[in-house]
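K.L.:
One structure follows; several queries about it will come next.
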Amino acid sequence: MRPLNSILYPVVNASHFFDLTNRRVDLGGSKITRYPVDPYDRIWYPRRNQYWSIINTTSNIRTTPLFEVPSVVMQTAMLPINTTTSTIISGDPTSGIVLQWFRDPLVENPSYFLNFHFADLQFLPPDGIREFDIFYNGKRWENHFRPLYLQCYTLYTSVQLPNPIDSDKYEFSLNATTNATAPPLINAVEVFNLLSAEAAMTNLSDVDAIMMIKEEYKVKKNWTGDPCAPAEYTWADVVCNYEGKSSRITAL
1 MRPLNSILYP VVNASHFFDL TNRRVDLGGS KITRYPVDPY DRIWYPRRNQ YWSIINTTSN
61 IRTTPLFEVP SVVMQTAMLP INTTTSTIIS GDPTSGIVLQ WFRDPLVENP SYFLNFHFAD
121 LQFLPPDGIR EFDIFYNGKR WENHFRPLYL QCYTLYTSVQ LPNPIDSDKY EFSLNATTNA
181 TAPPLINAVE VFNLLSAEAA MTNLSDVDAI MMIKEEYKVK KNWTGDPCAP AEYTWADVVC
241 NYEGKSSRIT AL
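Under full-length UniProt numbering, think of the first position of the sequence shown as 1, with each following residue one higher.
Below, the structure is given as structure tokens:
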């Protein structure tokens with residue numbers, strides 16, 4: 001465990017926590033970044049593929065207390081191989097998908113939040129413009145965004161993303177505007193599911209009993225943490241009741 005700056009992730013508070021839905025992605029990176037480079041021991045996984053052009057710099061990237069993305073993560077970015085319309089992180093490169101994931105079937109009503117981290121690594125000429133729109137499931141999400149040169153800027157959701165009505169798929173794309181002379185780029189991405197920490201903890205006598213069962217029968221399942229809370233992460237094959245002040249194990 002490592003202490004976090006209280007303003008590092010504004011949505012997180014005493015009653016809510018983030019579950020990392022996808023890996024923290026260092027786009028264009030070549031190796032995993034974590035402690036001590038990231039003092040909070042967040043793990044940033046590198047991602048590259050054949051559809052991208054990678055750019056990098058050795059210059060320091062200025063950051064802010066909000067999110068505090070390590071400079072080494074921001075020192076790489078990905079662009080489309082051709083300079084037409086879209087930047088691709090996953091999926092079919094002709095579709096312009098920048099980020100794609102699917103609803104967790106075990107979570108009935110997910111509350112997804114995301115952070116897009118940007119920093120321009122190329123010094124553009126006076127008439128150069130890097131400008132793009134961001135679309136979420138085909139609808140405009142951000143207009144005429146221009147990343148800052150050697151300075152981290154994060155576009156993040158302060159409220160949960162609307163869940164798709166007719167699909168379980170979430171898609172974002174970056175499309176260059178008509179004013180742009182340079183293609184879109186992106187440096188890093190985080191996607192979270194916001195969960196409540198207010199669920200009642202499991203009754204302590206039930207916890208003692210289930211731990212004795214786990215020890216006696218050498219249970220190999222991933223039985224760690226609270227057996228019943230949060231409800232989305234109840235232990236495998238453990239049935240709980242949540243009607244009282246504390247959750248109770250009712251069946252195996």
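Cβ atoms here follow ideal geometry from the backbone N, Cα and C, with glycine treated the same way. Please read these numbers as outputs of a predicted model, since none were measured by experiment.
1) Might you give, ordered along the chain, the residues of its own chain that have their beta carbon closer than 8 Å to the beta carbon of SER53, omitting 5 neighbours on each side?
2) Using a threshold of 7 Å, is the CB atom of LEU194 nearer than that to any non-hydrogen atom of the ligand COA?
3) By DSSP, does PRO10 sit in helix, in strand, or in coil?
4) Can you tell me whether LEU204 is helix, strand or coil according to DSSP?
5) What residues in its chain sit with their C-beta under 8 Å from that of ALA180, if we drop five residues either side in the sequence?
6) Compare the Cα-Cα distances from ALA14 to each of ASN5, GLU232, SER196 and ASP166 and report the closest residue.
7) For TYR112, does the three-state DSSP call read helix, strand or coil?
8) Going by Cα to Cα distance, which pick from PHE102, SER167 and LEU185 is closest to THR21?
9) Have a look at ILE61 and GLN75 and give me their C-alpha separation to the nearest angstrom.
10) Verify whether the separation of the beta carbon atoms of VAL73 and TYR45 is less than 8 Å.
11) Using beta-carbon positions only, say whether LEU174 and ILE186 come within less than 8 Å of one another.
P.N.:
On the basis of the coordinates in this document:
1) MET78, LEU79, PRO80 and ILE81
2) Judged by which ligands are present, the structure shown has none, so any question about the ligand COA falls away.
3) coil
4) helix
5) ILE129, ARG130, GLU131 and PHE132
6) SER196
7) strand
8) PHE102
9) 7 Å
10) no
11) yes
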